[in-house]
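Data first, discussion second: the structure below is written as structure tokens.
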Amino acid sequence: MELHDGNLYRSILVTSNDKTPTVVSSALEKHNQDPKQASRFELIQLLPEGKELIIPPTGNVFYAMSSSSVDFLLRSKGGNSPFCSPSISPETSATFPRIKAKGRRLVRNLF
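Numbering-wise (UniProt numbering), the sequence shown opens with residue 1 and increments by one.
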């Protein structure tokens, strides 16, 4: 998602039954985008040391995510490869909200 002047954070509750397309649709809807376009985006978890974890399209987000990081982003499919670009520019995608470790609830968090 293109964002020209900063990051936008929203709150999303992720349950143990939520698959990736459902979470992506919810995130798009929260960002006033068309949730029907979920298949055009991938859900990425930003890990320490500039690494990324791409949540599989058929995966269960609740169980697939790593507890070592709470930063997520949505990126258009076919975007920069996570292996080629360790640092993510805020101009190329919107940051997905942070997650509380205990409740797995995505919460609003501003720097």
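Quick reminder that beta carbons are idealized off the backbone N, C-alpha and C, glycines included.
Helix, strand or coil at Q37 [DSSP, three-state]:
Mapped onto the sequence shown, residue 37 falls at position 37. Reduced to three states, the DSSP call for Q37 is helix.
Residue closest to L73, alpha-carbon to alpha-carbon, out of Q37, Q45, D34 and T15:
The residue given as residue 73 occupies position 73 in the sequence shown. Selected option, being the one with the closest Cα: Q45.
Host beta strand (DSSP E) of E49 (start-end)
As a first step, residue 49 must be located in the sequence shown, where it is residue number 49. Where E49 is concerned, there is no enclosing beta strand (DSSP E), given that its DSSP letter is neither H nor E.
Beta-carbon contacts of G59 that lie in its chain and below 6 Å, excluding the five residues immediately before and after:
For this step, residue 59 is matched to residue 59 along the sequence shown. Contacts found: T20.
Take the Cβ of L28 as the centre, count every other Cβ of all protein chains shown within 10 Å, and call the residue buried at 16 or more, exposed below.
Residue numbering aside, residue 28 sits at position 28 when the sequence shown is read from its first letter. Taking all protein chains in view, the Cβ of L28 is crowded by 16 or more other Cβ atoms within 10 Å, so the residue is classified as buried.
Could you compute how far the alpha carbon of F62 sits from the alpha carbon of Q33?
Locating residue 62 in the sequence shown gives position 62, where the first residue counts as 1. Locating residue 33 in the sequence shown gives position 33, where the first residue counts as 1. Distance between the alpha carbons of F62 and Q33: 23 Å.
Look up N60 in the DSSP assignment and give the residues it is bridged to.
In the sequence shown, residue 60 corresponds to position 60, counting from 1. DSSP output for N60 lists K19 as bridge partner(s).
Excluding the five sequence neighbours on either side, which residues of its own chain have a C-beta within less than 6 Å of the C-beta of V24, listed in chain order?
As a working note, residue 24 is residue 24 in the sequence shown. Sequence-distant partners of V24 (beyond 5 residues in either direction) whose C-beta falls short of 6 Å from its own C-beta, in its chain, are A38, F41 and L43.
To the nearest whole angstrom, what separates the beta carbons of S67 and P48, a pair I think is in contact under 8 Å?
Walking along the sequence shown from the start, residue 67 turns up at place 67. Walking along the sequence shown from the start, residue 48 turns up at place 48. Cβ-Cβ separation between S67 and P48: approximately 12 Å, too far for a contact (criterion under 8 Å).
DSSP three-state assignment for S76, whether helix, strand or coil
For the purposes of this step, residue 76 is identified with residue 76 of the sequence shown, where counting begins at 1. It is a strand residue.
I'd like the list of long-range same chain contacts for P35, defined as Cβ closer than 6 Å, with 5 residues on each side in sequence excluded.
Counted from its first residue, the sequence shown places residue 35 at position 35. Non-local beta-carbon contacts of P35 in its own chain, meaning distances under 6 Å to residues more than five positions away in sequence, involve S25, L28 and E29 in chain order.
Compare the beta carbon distance of P56 and A64 with 8 Å and say whether it is the shorter of the two.
As a first step, residue 56 must be located in the sequence shown, where it is residue number 56. As a first step, residue 64 must be located in the sequence shown, where it is residue number 64. Taking a C-beta distance under 8 Å as the contact criterion, P56 and A64 qualify as a contact pair.
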